[in-house]
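Engineer:
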């Protein structure tokens, strides 16, 4: 029997999907290795099903339905592009700290816990997203200005916080939409440079006559009238894009058509790709992997006979090794292994019950060959 090596992450998934052939101890070892490759120290055990922001669903579904072979990223939506292979949506800690407001101005502090971002990841971009609703009162044809500040030094007993302006936007009253603000410099200072994270100040500048409506329509805090399932889809979010140095930036791949079994003439079991579907519920991971429920991993199996045919996708080394094997059986034949692999995007909950979208390299076998 010959032992051939296949990529680690795919091997772990294949092992976990074949529980009946592996001891419990080995399954636990494989599970720990897989979780480690995902950047997780232990298996997430969510206490409840965390709400997935609608924008994150949009990003995931766009990538899943991508059928072209272009370099389009599956996490690209019309609002912005993605620069990384991990996307995190971090909700604010709802400190509800209203800072002193002057006439025509509303300010509030936001704090986001960034401890879920490992030190080895490089944050390439970050955005603060705030939802605002249409103002229906008189004067709704006007504008508001929203300013986003980084808190350099928090406020003291008798002094205002020291802040730095990060982004600003003039928005129209008559539209309901998400507003996105670039806060990359601040998040980079907090994560890469080790500066203290004191949060952001969101400042809304508005005409006096619509001040009260403005405070309500820019959703920087929860209203008493909000339904429990509505607020999670409207609360402020910090979106971070990072790269862990593994593989490339999120790229699309050609969608495969799963072939149906057809009546064929019996052929020698030469090296080829075989069907294999990994169902996350089979390994008990469906409570923390939000989507997809599973995926087609495929695997390689078959003989690499002498002489090697062209369609077996062999290397010169494999051809020479097979030739030597024909005269010296102590030298093993070439192995049937994956020669082309593609990534899979997973939407999952981490140990902190935060929803993450990440692209994992080398998860799907696209081609097999003798090597």
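Numbering (mature numbering (1 follows the signal peptide of the UniProt record, and there is no 0)), first residue to last: -24 to -1, 1 to 347. Just so it is clear, CB atoms sit at the ideal spot from N, CA and C, and this is done for glycine as well. Treat the numbers as computed from the prediction; the structure is a model and nothing was measured.
(1) According to DSSP, is residue 300 part of a helix, a strand, or is it coil?
(2) I'd like the span of the alpha helix (DSSP H) that includes residue 165, first residue to last.
(3) Since residue 245 and residue 68 are thought to touch, with beta carbons under 8 Å apart, how far apart are those beta carbons, to the nearest angstrom?
(4) Quick check: the region 21 to 35 against the region 309 to 325, are there 3 or more CB pairs under 8 Å?
(5) Assign residue 214 to one of two classes, buried (16 or more other C-beta atoms within 10 Å of its C-beta) or exposed (fewer than that).
(6) Between the C-alpha atoms of residue 272 and residue 146, what's the straight-line distance to the nearest angstrom?
(7) Return yes when the Cβ of residue 269 is within less than 9 Å of the Cβ of residue 257, no when it is not.
(8) Pull up the CB-CB distance for residue 102 and residue 331, whole angstroms please, since I reckon it's below 8 Å.
(9) May I ask you to list the residues that DSSP assigns as paired with residue 325?
(10) List the DSSP bridge partners of residue 21.
(11) Smallest Cα separation from residue 251: which of 259, 262, 274?
(12) Thinking C-beta only, is residue 128 closer than 9 Å to residue 138?
(13) Name the residue from 142, 167, 293 whose alpha carbon lies nearest to the alpha carbon of residue 176.
(14) What's the call for residue 17, buried or exposed, on a 16-neighbour Cβ count within 10 Å?
(15) Roughly how many angstroms separate the alpha carbons of residue 232 and residue 7, rounded to a whole number?
(16) Our contact map puts residue 347 next to residue 298 with C-beta atoms below 8 Å; I'd like the distance itself, whole angstroms only.
(17) Report the three-state DSSP secondary structure of residue 35 (helix, strand or coil).
(18) Check each candidate in 342, 294, 333, 335 and name the one with the smallest Cα separation from residue 317.
(19) Identify, in the order they occur along the chain, each residue of the same chain with its Cβ nearer than 6 Å to the Cβ of residue 181, setting aside the five sequence neighbours on each side.
(20) I think residue 107 touches residue 33, with their Cβ atoms under 8 Å apart; what is that distance to the nearest whole Å?
(21) Would DSSP call residue 273 helix, strand or coil?
(22) Among residues of its own chain, excluding the 5 on either side of residue 36, which ones have a beta-carbon nearer than 7 Å to its beta-carbon?
(23) What are the complete alpha helix (DSSP H) segments, minimum 4 residues, inside the region 94 to 137?
(24) Please classify residue 314 as buried or exposed, where buried requires at least 16 neighbouring CB atoms within 10 angstroms.
(25) Decide if residue 335 is buried, meaning its Cβ has at least 16 other Cβ atoms within 10 Å, or exposed.
(26) So residue 265 is in the beta strand (DSSP E); what residue range does that whole segment cover?
(27) Return helix, strand or coil for residue 217, following the three-state DSSP convention.
(28) In angstroms with no decimal places, state the Cα-to-Cα distance between residue 15 and residue 337.
(29) Within the same chain, show all residues whose beta-carbon is closer than 6 Å to that of residue 174, passing over the 5 residues directly before and after it, in chain order.
(30) For residue 84, report the span of its beta strand (DSSP E) as first-last.
(31) Mapping the DSSP letters down to three states, classify residue 28 as helix, strand or coil.
(32) Could you tell me if residue 285 is buried or exposed, where buried requires 16 or more neighbouring beta carbons within 10 angstroms of its beta carbon?
Structural biologist: If we stick to the structure as given:
(1) Residue 300 sits at position 324 when you count from the first residue of the chain shown. DSSP places residue 300 in helix when its eight states are reduced to three.
(2) On the chain shown, position 189 is the one that residue 165 refers to. First-last of the alpha helix (DSSP H) with residue 165: 160 to 167.
(3) Position 269 of the chain shown, counted from the start, is the residue given in the question as residue 245. Position 92 of the chain shown, counted from the start, is the residue given in the question as residue 68. That belief does not hold up - the Cβ atoms of residue 245 and residue 68 are roughly 57 Å apart, past 8 Å.
(4) yes
(5) One-based indexing of the chain shown puts residue 214 at position 238. Classification of residue 214: buried, given that the 10 Å Cβ count is 16 or more.
(6) The sequence position of residue 272 within the chain shown is 296, counting from 1. The sequence position of residue 146 within the chain shown is 170, counting from 1. Distance between the alpha carbons of residue 272 and residue 146: 47 Å.
(7) Start at 1 with the first residue of the chain shown, and residue 257 comes out as number 281. Start at 1 with the first residue of the chain shown, and residue 269 comes out as number 293. Closer than 9 Å, so yes.
(8) Taking the chain shown and counting its residues from 1, the one referred to as residue 102 is at position 126. Taking the chain shown and counting its residues from 1, the one referred to as residue 331 is at position 355. With 8 Å as the limit, residue 102 and residue 331 do not qualify as a contact, their Cβ atoms being about 16 Å apart.
(9) Working through the chain shown from its first residue, we reach residue 325 at position 349. Answer is 331.
(10) Against the chain shown, residue 21 aligns to sequence position 45. Paired residue(s): none; residue 21 is not in a bridge.
(11) Position 275 of the chain shown, counted from the start, is the residue given in the question as residue 251. Cα-wise, what sits closest to residue 251 is 274.
(12) Against the chain shown, residue 138 aligns to sequence position 162. Against the chain shown, residue 128 aligns to sequence position 152. It is a contact, given that the beta carbons lie within the stated cut-off.
(13) Residue numbering aside, residue 176 sits at position 200 when the chain shown is read from its first letter. Looking at the Cα atoms, 142 is the closest of the given residues.
(14) Start at 1 with the first residue of the chain shown, and residue 17 comes out as number 41. When all chains shown are included, residue 17 counts as exposed.
(15) By one-based count along the chain shown, residue 232 stands at place 256. By one-based count along the chain shown, residue 7 stands at place 31. With a pLDDT of only 42 at residue 232, under the threshold of 50, the placement of this residue in the model should not be trusted; the figure read from the coordinates follows. Approximately 27 Å, taken between the alpha carbons.
(16) Along the chain shown, one-based indexing puts residue 347 at 371. Along the chain shown, one-based indexing puts residue 298 at 322. Wrong, their Cβ atoms sit about 11 Å apart, outside the cutoff.
(17) The residue given as residue 35 occupies position 59 in the chain shown. Correct three-state label for residue 35: helix.
(18) Here residue 317 refers to the residue found at position 341 when the chain shown is read from its first residue. Among 342, 294, 333, 335, the Cα nearest to that of residue 317 is on 342.
(19) Indexing the chain shown from 1 puts residue 181 at position 205. Answer for residue 181: 81, 121, listed in chain order.
(20) For the purposes of this step, residue 107 is identified with residue 131 of the chain shown, where counting begins at 1. For the purposes of this step, residue 33 is identified with residue 57 of the chain shown, where counting begins at 1. At roughly 16 Å, the Cβ-Cβ gap does not stay under 8 Å, so residue 107 and residue 33 are not in contact.
(21) Counting from one through the chain shown, the residue named residue 273 turns up at place 297. Correct three-state label for residue 273: coil.
(22) Within the chain shown, the letter at position 60 stands for residue 36. Around residue 36: 267, 321, 323, 333.
(23) none
(24) The residue you call residue 314 lines up with position 338 of the chain shown. Classification of residue 314: buried, given that the 10 Å Cβ count is 16 or more.
(25) Here the question's residue 335 lines up with position 359 in the chain shown. Residue 335 comes out buried.
(26) Indexing the chain shown from 1 puts residue 265 at position 289. Unbroken beta strand (DSSP E) run through residue 265: 265 to 267.
(27) For the purposes of this step, residue 217 is identified with residue 241 of the chain shown, where counting begins at 1. Of the three classes helix, strand and coil, the one that applies to residue 217 here is strand, per DSSP.
(28) Within the chain shown, residue 15 is the residue found at index 39, counting from 1. Within the chain shown, residue 337 is the residue found at index 361, counting from 1. If I take the Cα positions, the gap works out to 14 Å.
(29) Counting from 1 along the chain shown, the entry for residue 174 is found at position 198. If we look at residue 174 and ignore the five residues flanking it on each side, its Cβ neighbours are 127, 130.
(30) Taking the chain shown and counting its residues from 1, the one referred to as residue 84 is at position 108. Residues 81 to 86.
(31) Taking the chain shown and counting its residues from 1, the one referred to as residue 28 is at position 52. Of the three classes helix, strand and coil, the one that applies to residue 28 here is coil, per DSSP.
(32) For the purposes of this step, residue 285 is identified with residue 309 of the chain shown, where counting begins at 1. Exposed: under 16 other Cβ atoms inside 10 Å.
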